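Here the sequence shown stands for residues -25 to -1, 1 to 891, numbered as in mature numbering (1 follows the signal peptide of the UniProt record, and there is no 0). Heads up: the structure comes next, in structure tokens.
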Amino acid sequence: MISDKRIAIQFLLVVLVCVFVSGDAKVRCIESEREALLSFKNGVFDYYGYLSSLRSIECCKWYGVWCSNTTGHVIALQLNIRLQGEVGSSLLELHHLYYLDLSWNYFGGNPIPDFIGSMKQLQQLFLKGCNLSGIVPSQLKNLTNLQSLDLSQNNFEGPVPGFFGSMKQLQQLFLRGSKFTGIVPPQLGNLTNLRVLDLSYNSLKIKNLDWLSSLSLLSTLDLSQIDLSHTNWLPQILSLRFLYELRLDLCNISTIKVEPTVNSSFTSLSLLKLSDNQLTPSSFPWLSNISTTLVGIDLSRNALGGPIPDAFIERLVLVETLGLASNKFEGQIPKSLFNLSRLITLDLYENDLRGNTDELFGNTSGKGILESLQILDLGHNKLNGPVPDLRAFSALTEVYFGGNNLTGFIPLSIGQLSELRVLDLSKNLLEGIVSESHLIKLNKLKKLDLSFNSLILHFGPDWSPAFQLDAIFLAKCNVGPSFPKWIQTQRSFSNLDLSRANITDEIPAWLWSVSPSLTNLYLSDNQITGIIPNLSSTFITSIDLGNNRLSGPIPLFSAYVELVQLSGNMFSGSISSICSVFYGWFWNFDLSNNQLAGEIPDCWEQLPNLFSLSLANNRLWGEIPSSLGHLHDLTALQLRGNSLSGEFPSTLRSCHKLNLVDVAENELTGDIPTWFGEMNQMTFLNLGTNKLHGSIPDEICNYTFIRILDLSRNNLSGKIPDCFNNFTSMAQNSTPADLVRLGYVNSFSYNPPLPNMNLKRKYNSRYGEMEMLECLDLSKNQLFGKIPSSLAQLKYLDVLDLSNNNLSGEIPTSTQLQSFNASAYAENDGLCGAPLALCPKDMKPSTTILKKDSSLSFMQEVGISMAIGFIFGFWGVLGTFILKKSWRIAFFNLFDAIGDWFYVRIAVFASKLRRS
């Protein structure tokens, strides 16, 4: 391995120097060089006090300083001690310095000082992990004697300098992870003495590798994270006949093709790493061909599938390390693996391998079967059966069976593996009691992981195990009700996880001092009581005490804390103590669901690395502090359920990475800022239940990733912006993995509440416990106008509420919008269309109305006909009388005759009545 080889070279050099300067030195250090070292010390901040020895007169005895035993000149400096400051030019006074190692210090993002190019006597220069930036100065080309150069893990700009090719004495060049860009310069082919070349984990591109064939002495090559998919890389690499280590991780390699005229095998290759590519099973013929010389091979995280080929395994006659993790292998684990007599590490983690452990390990008791095996990782497959008897593998130091389907009890035989350092049986279906007998001979055990099983841990109150654990993972095991006293005997653990362990005890005082190495503490989801003491002097970096019954004030934390999860407790008082942390490493800070009160302190610029902040559901009041705008890496801000007032501070517009903002259920006022639209990664925005007014800004149209938008229960007015077609995440089907990609899910898998609790009750029956919900809630405002037609494009919208506004017009037609309950559109007097009542233009008359209208129409027709008949009949007769005189005389004579006839008849009738 490259790193191991470099360490070995450094160590050998230091040993030689120590031998060279040992003995009774009669020559004292040079005064001018002593002054130069003191000047260098004055330019840096030594947090750990390693340079306190620089007070003495004899500088050759100072920490990290080596002098020549014959001349007294300083010849080597090795100060990997996290210094802060600048590299002082006083080092130029060290004219005989040939070895300079300032790795792992912090030089504030400054560039490499130009003056280092004047230290021409340097042979070894190591500046790894110093937070250097800028362009590598061309003055370095003057270091013509340089044999080793390490600029790894910095923040440089621009391409790899072509002038490196003029440094002909270079034997080792390390540029790993230093953010170089552009094309790899072919001038590197001039370094004919080069043995080690590491260009990995930058943003580099390669046109071709023709220059590589000139590096005939190259033994170690690392091109990881350089795209080789369009490069014929194999012939040039095959020409390196002394190549011992080859690392091509993350190179986008999917197929390996060899020309018939090219020798397809290596003669010296011992280590091959091809992890994190897209290799398929078609690569196995070539891999089998080169496998006979390999001591280590890593094919993890590829697209290798099907059964593990026996033909490939049988060729690994010298292999000691075999990595096939995170592929798509399926079927049984091949028995041929048990014939690899040299095998030390077998990693089959995270595949689809099946089988019964009794069948797999049942015939492994014979002499000589994997006697050298030390690390066995079969975790996260689909193995079933009991935990196997592994006593035949007496050299085992690490055993991983986590994430399978193992059942039954843990066998007592596991306690006979006296060399075991790691035991991981987590996330299985194991049950029963674990006692001292299971761990009786595990004197070297360092990591114990039994978490997420149905195990009962039953140890005697006075049990003092022989081992000293570094990591204890017992989550979801039945450990309680009291804190296990045996943990008090462990003095060096750094990780302790007793989450969901049925503990109802008070948190013991000894927990905070029993292990000075404690860095990660997880006690969530118990019923633990008590008060947390001052933690400012501890080295805890991650602490999760969520969902317990802890009380008292928020404790003081050290500047080293990165993750704090104290939600769901009864902490009270102010949170102003956070201001006592000066430039802390906090990245996740969760104090939600407590009883904290007072104003939010305005000192957040002291936590520049903060990634997620939650103060939700407390009793906080006052304005949102403007210093939050200094948190340029902030992606999640949760302040809901308090009594915050005022407007959004304009400084928040600097938080461009925000993708989750939840400030619902406060008393915020003012307009929704237009600069919210600049946060174009927004996936969750909840401003509901405040006192915001004004219109919805058009700038929200920039939210192409939005999943939940809640502006309900405010005083917003105006029209709804017609830009929902931009909400591509609502318009497309999404997966929980998308949320992770966008940073929506943080380390605690924040499950955002539905904006409207009534909606939650209403839709949970339909959608159940959803991992992801896409929701639009604009209800209970004063919005008017039509519902935008673009809303119909949100095909995967799960929850919609536009009720209690002044919307009007027809609801746009789409399969999705019509699928919602009518309550989603209720209390909008001018709104119509499905699922509400039909709009007037779409109404069809009923049958009764049709009959009534038909009858009315008939009567009208009859009346009109009678009127026309009367007019024509009347005027037909009358007109004739007027125009024809003879008809008039005849008509009136007839009329007189009829009258006379009636008169005679009446007179005769009356006379008869009188006589009678």
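Beta carbons are placed, not taken as given, at the ideal position from N, Cα and C, and that holds for glycine. On a predicted model such as this, the values are computed, not experimentally measured, just so you know.
Would you please state the rounded distance, in angstroms, between the beta carbons of residue i and residue j? I believe it to be under 8 Å.
{"i": "L221", "j": "L246", "result": "7 Å"}
{"i": "N55", "j": "Y81", "result": "Incorrect: roughly 12 Å between the Cβ atoms, too far for contact."}
{"i": "V539", "j": "D565", "result": "7 Å"}
{"i": "L203", "j": "I231", "result": "Not confirmed; about 11 Å, so no contact."}
{"i": "L758", "j": "S692", "result": "7 Å"}
{"i": "G140", "j": "L166", "result": "6 Å"}
{"i": "Y324", "j": "L351", "result": "With 8 Å as the limit, Y324 and L351 do not qualify as a contact, their Cβ atoms being about 10 Å apart."}
{"i": "T383", "j": "L414", "result": "Note on identity: in this sequence residue 383 is Gly, with Thr being the wrong assignment. That pair is no contact at about 18 Å."}
{"i": "A484", "j": "G455", "result": "About 18 Å; that fails the 8 Å criterion."}
{"i": "L667", "j": "N690", "result": "7 Å"}
{"i": "E749", "j": "L772", "result": "6 Å"}
Return no unless some Cβ of chain B is closer than 8 Å to the Cβ of residue i.
{"i": "R30", "result": "This model lacks chain B altogether, as it is built from one protein chain only."}
Looking at the structure shown, is residue i part of a helix, part of a strand, or coil, going by DSSP?
{"i": "E325", "result": "coil"}
{"i": "C554", "result": "helix"}
{"i": "T549", "result": "Rather than Thr, the amino acid found at residue 549 in this sequence is Ser. The answer is coil: DSSP assigns S549 none of H, G, I, E or B."}
{"i": "E220", "result": "strand"}
{"i": "N314", "result": "helix"}
{"i": "K421", "result": "coil"}
{"i": "C34", "result": "helix"}
{"i": "H70", "result": "coil"}
{"i": "Q162", "result": "helix"}
{"i": "S123", "result": "strand"}
{"i": "C42", "result": "strand"}
{"i": "A484", "result": "helix"}
{"i": "W461", "result": "helix"}
{"i": "S517", "result": "strand"}
{"i": "N501", "result": "coil"}
{"i": "Y81", "result": "strand"}
{"i": "R628", "result": "helix"}
{"i": "G652", "result": "helix"}
{"i": "G377", "result": "coil"}
{"i": "T255", "result": "coil"}
{"i": "K816", "result": "helix"}
{"i": "Q443", "result": "coil"}
Taking just the CA atoms, how far does residue j sit from residue i?
{"i": "N207", "j": "M657", "result": "42 Å"}
{"i": "H205", "j": "S78", "result": "35 Å"}
{"i": "T790", "j": "F699", "result": "16 Å"}
{"i": "F336", "j": "K416", "result": "22 Å"}
{"i": "P136", "j": "P309", "result": "49 Å"}
{"i": "Q144", "j": "L115", "result": "13 Å"}
{"i": "K755", "j": "F651", "result": "22 Å"}
{"i": "C34", "j": "H71", "result": "15 Å"}
{"i": "L291", "j": "L244", "result": "13 Å"}
{"i": "L751", "j": "L595", "result": "27 Å"}
{"i": "F37", "j": "S65", "result": "Here residue 37 turns out to be Trp, not Phe, going by the sequence shown. The straight-line gap from Cα to Cα measures roughly 17 Å."}
{"i": "G63", "j": "Y176", "result": "29 Å"}
{"i": "L423", "j": "S474", "result": "15 Å"}
{"i": "L274", "j": "G354", "result": "17 Å"}
{"i": "N403", "j": "C452", "result": "12 Å"}
{"i": "E10", "j": "L627", "result": "48 Å"}
{"i": "E411", "j": "G435", "result": "8 Å"}
{"i": "S549", "j": "F532", "result": "15 Å"}
{"i": "L293", "j": "Y219", "result": "14 Å"}
{"i": "D224", "j": "N641", "result": "50 Å"}
Checking the sheet assignment: what are the DSSP bridge partners for residue i?
{"i": "H668", "result": "D646, N690"}
{"i": "D577", "result": "None, per the DSSP bridge assignment."}
{"i": "F131", "result": "G109"}
{"i": "Y535", "result": "BP columns for Y535 are empty, so no partner."}
{"i": "V171", "result": "Q147, T195"}
{"i": "K248", "result": "R222, D273"}
{"i": "D776", "result": "D752"}
{"i": "I807", "result": "First, the amino acid is wrong: residue 807 is Cys here, not Ile. Answer by DSSP bridge pairing, in chain order: E785."}
{"i": "F659", "result": "L635, I683"}
Is the closest heavy atom of the ligand GDP to the C-beta of residue i under 7 Å?
{"i": "S692", "result": "You won't find the ligand GDP in this model; it holds no ligand whatsoever."}
Should the region 299 to 314 be regarded as contacting the region 261 to 270, the criterion being three or more beta carbon pairs within less than 8 Å? Flag = no, the region 299 to 314 and the region 261 to 270 do not touch.
Inter-stretch contact (C-beta, 8 Å, three-pair minimum) for the region 39 to 56 and the region 81 to 91: Per the Cβ contact rule, the region 39 to 56 is not in contact with the region 81 to 91 (fewer than 3 Cβ pairs under 8 Å).
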